[in-house]
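Have a look at the structure below before the remarks.
Numbering (the UniProt record's numbering), first residue to last: 1 to 166.
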């Protein structure tokens, strides 16, 4: 075998090993999906979810990323920056989300309530798939909801939100 043939084989094997290692590393990353209707935008979890003390804190961190002004490429958030996620609690398969609306004078937000709730609920369901119902508690500020009442429990089925009793 000529010298050129040996060099070609060595380069090919090195490239194959490099591509294999890259593939296995990327496929091993855990992905978090931010959902905007049917558009899934994955981001490696290691970029923003640091070790935290509880599952609830991890969910709050992910929810705060939904309203982040430095949103990911190709992602448009329906969660206004005036929403503050205070806590997320679970009782059996019911998720209680405490929020406040931190509205500043002169600030107007145009968002779709149903899309906002869909983004929030799907993000929570990603971390805790067994969650069946959601209840929003507006703890402070001016409630910006115009069409959706927070008195009731909500269920998520496919891409639909339904109002339900306990």
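The C-beta atom is built at its ideal place from N, Cα and C for all residues, glycine as well.
A quick note: this is a predicted structure, and the numbers were derived from the prediction, not measured.
Whose CA, out of the options, lies closest to the CA of residue i?
i: residue 130; options: 15, 156, 63; result: 156
i: residue 112; options: 62, 80, 59, 159; result: 80
i: residue 126; options: 59, 7, 4; result: 59
i: residue 152; options: 123, 118, 134; result: 134
i: residue 150; options: 138, 122, 142; result: 138
i: residue 165; options: 94, 87, 89, 123; result: 94
i: residue 66; options: 91, 12, 122, 163; result: 122
i: residue 92; options: 14, 161, 132, 102; result: 132
i: residue 100; options: 90, 136, 140, 161; result: 140
Leaving out five residues on either side along the sequence, give the residues of the same chain with a beta carbon under 6 angstroms from the beta carbon of residue i.
i: residue 116; result: 78, 79
Buried or exposed for residue i, going by 16 or more other Cβ atoms inside 10 Å?
i: residue 62; result: buried
i: residue 83; result: buried
i: residue 42; result: Residue placement at residue 42 cannot be trusted, given a pLDDT of 48 that sits under 50; the coordinates are not used to answer.
i: residue 85; result: buried
i: residue 9; result: exposed
i: residue 136; result: buried
i: residue 120; result: buried
Does the beta carbon of residue i sit closer than 8 angstroms to a beta carbon anywhere in chain C?
i: residue 16; result: No chain C appears in the structure shown, which is made up of a single protein chain.
For residue i, which residues of its own chain have a beta-carbon under 8 angstroms away from its beta-carbon, when the five flanking residues on both sides are left out?
i: residue 88; result: 56, 59, 60, 63, 95, 96, 97, 98, 124
i: residue 37; result: Because the pLDDT at residue 37 is just 49, under 50, the model does not fix this residue reliably, and the value given afterwards should be weighed accordingly. 115, 118, 159.
i: residue 23; result: none
i: residue 143; result: 101, 150
Give me, in chain order, the residues of the same chain whose beta-carbon lies closer than 7 angstroms to that of residue i; leave out the 5 immediate sequence neighbours on both sides.
i: residue 102; result: 82, 84, 141
i: residue 145; result: 113
i: residue 4; result: none
i: residue 7; result: none
i: residue 163; result: 152, 154
task: At 4 residues or longer, and completely inside the region 107 to 154: list those alpha helix (DSSP H) runs for me, N to C.
output: List check, alpha helix (DSSP H) in window: 113 to 127.
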